[in-house]
Ligand SMILES: NC(=O)c1ccc[n+]([C@@H]2O[C@H](COP(=O)([O-])OP(=O)(O)OC[C@H]3O[C@@H](n4cnc5c(N)ncnc54)[C@H](O)[C@@H]3O)[C@@H](O)[C@H]2O)c1
């Protein structure tokens, strides 16, 4: 099939590349000329494991191309995916200016029957707005052309995006036309070879499914973070509790790790947008409001623990003179994405408290510079370099290389052996055995809380 994917970001580039990998002819479109020029020269704008090889192969074999010319791409394609960003507007609702802008462009340039697919995460009712935007342009041109609008929300996870796209848990198609639903089924059939996991439903339910999924996952995270905080106050061990509840098949083990709060380009904005959608219907989504509040509080926990350890001496910058080494900047491992990363809140707070911050991240340093500039120092190569003469190590993102580090080396480099772990990577008993003061989440610390 001939497809164009408009918006060549984390979702559009992965989707376009995977569709090309299954034999389709795909044109990826973006307004960002530098990004498109780079992609034409084999430069991948994001870090996503396995993506580079697939882009290179499919480009070389002529199935995948990149352009800024939306008009030509739409004319050549039966299906146009809209995969542009839907950032939160000032009031928290999803800002649809990019989606509707693209819809108008499609209406301006289409010449025959088109299937227009909303892949961006968009609130219930957006397909109707897209339809109106396209129809408005056709009316303006005085032409009568058929088109269908489909909702096909994306569920891939950054860091495992290729696998998620190629072997999805499910593909949701919201369509109001059987012929179009069949074409979408055919497009996705290469990814459904073992079992059919394609679910066809009405458009509004498909739009809601994406928000419900993300809101549910965010709720699990905030719930577990509160359980962890309570465990810590009561000298219970959240790791044991996690095992205890995860073994219940109704609960399961996924998404039960406490941490420094959820971040990324999806959970924070989708939770906000769903609260706003509810509000617009006159419904108070109390639960989600709490999920959000808990998350905001959780992001502040690690700096408070650090402050508690070094002692709040009442000075305006009580951590002045202290150097905190940070492992992990991206909002989760295996991505360079810094959008809404908890590291932003944590590091900003440490700086506000007067600390000097040195950070290591294997992939996110370039993105992190956009947030912190020269206010902190960075390393992307050696995770130990930043530890020399630092007063403590704080772990924010659970990259694999932090899971089993050389503790002797850490101890030799730090001024004192103290670790604040926002991801519970190590066992407190072992940390105590090897002489570290170790503060994690929902487990009894092995050090004294105030110096
Ligand atoms: N990132 C994820 O993990 C993920 C997962 C599922 C769903 N989503 C949703 O998918 C959508 C896209 O997210 P993303 O992370 O890929 O965003 P992104 O910011 O990485 O990419 C969006 C791209 O669209 C381009 N763009 C903006 N306006 C355009 C226009 N008029 N024409 C052509 N290109 C244009 C931008 O230049 C950018 O390259 C969002 O709605 C998001 O919520 C994201």
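In our numbering, the protein residues as written are 65 to 515. Just so you know, even glycine gets a beta-carbon here, dropped at the ideal spot from N, CA and C.
Residue i, DSSP secondary structure in three states
i	result
residue 89	strand
residue 454	coil
residue 281	helix
residue 129	strand
residue 178	strand
residue 381	coil
residue 158	strand
residue 184	coil
residue 302	helix
residue 367	helix
residue 320	coil
residue 105	coil
residue 258	coil
residue 514	At residue 514, the pLDDT of 46 sits below 50, so the modelled position is not reliable and the matter cannot be decided from this model.
residue 386	coil
residue 275	helix
residue 325	coil
residue 99	helix
residue 74	helix
residue 464	helix
residue 307	helix
Bounding residues of the alpha helix (DSSP H) (the contiguous stretch that carries residue i)
i	result
residue 351	350 to 363
residue 262	Element bounds for residue 262: not the alpha helix (DSSP H) but the beta strand (DSSP E), 262 to 265.
residue 341	331 to 344
residue 44	Summary: the structure shown does not reach residue 44, with the chain confined to residues 65 through 515, and so no result is reported for it.
residue 144	Counting along the chain, residue 144 falls outside any alpha helix (DSSP H), though it belongs to the beta strand (DSSP E) covering 143 to 146.
residue 123	115 to 124
residue 203	190 to 205
residue 136	134 to 140
residue 507	Premise fails: residue 507 is in no alpha helix (DSSP H) and is neither H nor E.
residue 375	Where residue 375 is concerned, there is no enclosing alpha helix (DSSP H), given that its DSSP letter is neither H nor E.
Residues bridged to residue i [DSSP beta-bridge criterion]
i	result
residue 469	Bridge partners of residue 469: none, in fact.
residue 485	459
residue 110	Its beta-bridge partners do not exist; DSSP assigns none.
residue 314	None, per the DSSP bridge assignment.
residue 501	482
residue 522	Because the chain is modelled from 65 through 515, residue 522 falls outside the range shown and cannot be assessed.
residue 152	158
What residue ranges within the segment 388 to 462 form continuous beta strand (DSSP E) runs of no fewer than 3 residues, ordered along the chain? 420 to 424, 441 to 443, 456 to 459
Report the residue ranges of all beta strand (DSSP E) runs contained in full by the segment 209 to 256; include only those spanning at least 3 residues, in chain order. 211 to 215, 235 to 238
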